[in-house]
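Enquirer: Can you read through this structure? Questions will come right after.
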Amino acid sequence: MANRRRGSWQKTARAWRWAPALAIAIAGAQGMGSPSPSLDLSHATRRLGSTSFTDRHQAGDTLLRAGASAIPYLRQATESESPEVRFRAIEILQRIELQVLETQKADILSGALSDGQLPAWDRYLQIVDDSPAARRLFVAMLDRSPQLLLSFGTSEFAEQFNREVSEWSTSASPWPRRSGPEGAEKLAALLLSACQPECDPTPIQAQLISRPAEFSWFQNQVLAGERNATLKSILVAWIQQTGRGSADARLHLAQQYRYREGVVPAREIVAGAATALEIQSALLFLSSFGLEQDIPLVEQLLSNETELQTFQSQRPSDALKTQVRDVALVTLWRMRREHPAKHGMKSYLEQNGAPRPGTIGFQSDEERNLAILHWRVWRKRFVKTDLPLDGWAIEGRPG
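See below:
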């Protein structure tokens, strides 16, 4: 019996989650009223487990009429030892929360929602501007993920996030490719959640919510339309989450949009334990957007002899070998607005203002060591990282 009820409730919960308007119709708008002083809400939650159907029904009606005032009592009842009380408390709690949510949506759109009434809204405003477009997007996000956004600030948040990321990842194969605004709204809710201090996405989860943001249906929302500024703010907030999820996933997202905020995960990769290819990607990003303060960090890699690739020529002796320290050297010169070919890397070329693949490296260690030595001498003479940054360094450098 309990298993059948649990399965029935799971189906009901999904219906509430995706159709809040239906929930409101069933619960009744009158459920938003404040209870009279004579209502004993604690007693009503206990009566949810009564052996009498009439008592259970009357207790449920009492709690529904109490509206938001009953939420603390119902939350406590969801931890009851009685399966009957837990089942009914969860069902009524969901209905009341969605009633409250409908009122809060209207207040959000009108700008009348007070601080502290909806934690997710307060967190959202820490990232985005309070504009009409941002309000409309948040309400749409609530329609797509009401239970996730309602769980902000509660003990259920992490579990709800894990559940929704799992549902998102299995909605299509190999990646979620929902097109249009609805997919963007759902993904925005997941990205906002991943930025919260209570959330610690795994590397896989970070990939699951970062990779779809590179698809054209999401890019179109970010690059044009009334939502573009708000979605960009959410993306940037996620990219800058140091130590959260996968730095490589966040860097790749920044590369796709050419957001200079990608220096945050790039620094994380360069300073941490990463693969040689991840380090190469991070260095090349810093070569376009890095600041003078990053020079000491990059210089540490001038001793990294890990080989990345070899480009063969007609004569084996002319093969161009690329090591991590070669990419570091290119990054250092570019951060100083110097062309590496003028400083010892004879093969180096650029294409559209970025390093051209297959031109980074040296044909011999002798050439490599001389080029690195040239950097150290030049750096000692011309670069003083303890001096105030100039205007270019503050702004970054376009690729």
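Numbers in the numbering used here are just positions in the sequence shown, counted from 1, shifted up by 300. Note that CB positions come from ideal geometry on N, CA and C, so glycine has one too. Note that the structure is a prediction, hence the values are computed from the model and not measured.
1) Skipping 5 residues on each side, what residues in its chain have a beta carbon closer than 7 angstroms to that of D618?
2) Quick check on this structure: which residue in L348, A576 and S587 has the alpha carbon closest to the alpha carbon of Q555?
3) Once you ignore the five residues that flank P501 on each side, which residues in its own chain have a CB closer than 6 angstroms to its CB?
4) Which residues mark the beginning and the end of the alpha helix (DSSP H) in which Q404 is found?
5) At a cut-off of 6 angstroms, would you count W633 as near the ligand NAD, judging by its Cβ distance to the nearest heavy atom?
6) Which of the three DSSP states is assigned to F515 in this structure?
7) Can you give, in chain order, each stretch of the alpha helix (DSSP H) that sits fully within the segment 548 to 594 and has at least 4 residues?
8) Since E397 contacts A458 with CB under 8 angstroms, what's their CB separation in whole angstroms?
9) Using 7 angstroms as the limit for Cβ to Cβ distance, is N462 near chain C?
10) Leaving aside the five residues before and after I408 along the sequence, list all residues of the same chain whose C-beta is less than 7 angstroms from its C-beta, in chain order.
11) Which value, in whole angstroms, describes the spacing of the CA atoms of S581 and A529?
12) Helix, strand or coil: how does DSSP classify F662 here?
13) Do the CB positions of S510 and L553 come within less than 7 angstroms of each other?
14) Can you tell me whether DSSP reads P596 as helix, strand or coil?
15) Exposed or buried, which one is F585 when buried takes at least 16 other CB atoms within 10 Å?
16) So the candidates are G416, L492 and P432; which of them puts its Cα closest to the Cα of S445?
Expert: The relevant details are as follows:
1) Taken in chain order, the residues that qualify are Q663.
2) S587
3) Closer than 6 angstroms at the Cβ level, and outside the excluded window around P501, lie A494 and G545.
4) P383 to S410
5) The ligand content of the structure shown is nil, which means the ligand NAD is not present either.
6) coil
7) 563 to 571 and 576 to 589
8) Not really, about 18 angstroms apart at Cβ, beyond 8 angstroms.
9) This model lacks chain C altogether; it includes just one protein chain.
10) W421, R435, F438 and V439
11) 27 angstroms
12) strand
13) Cβ atoms of S510 and L553: closer than 7 angstroms.
14) Helix at P596.
15) buried
16) L492
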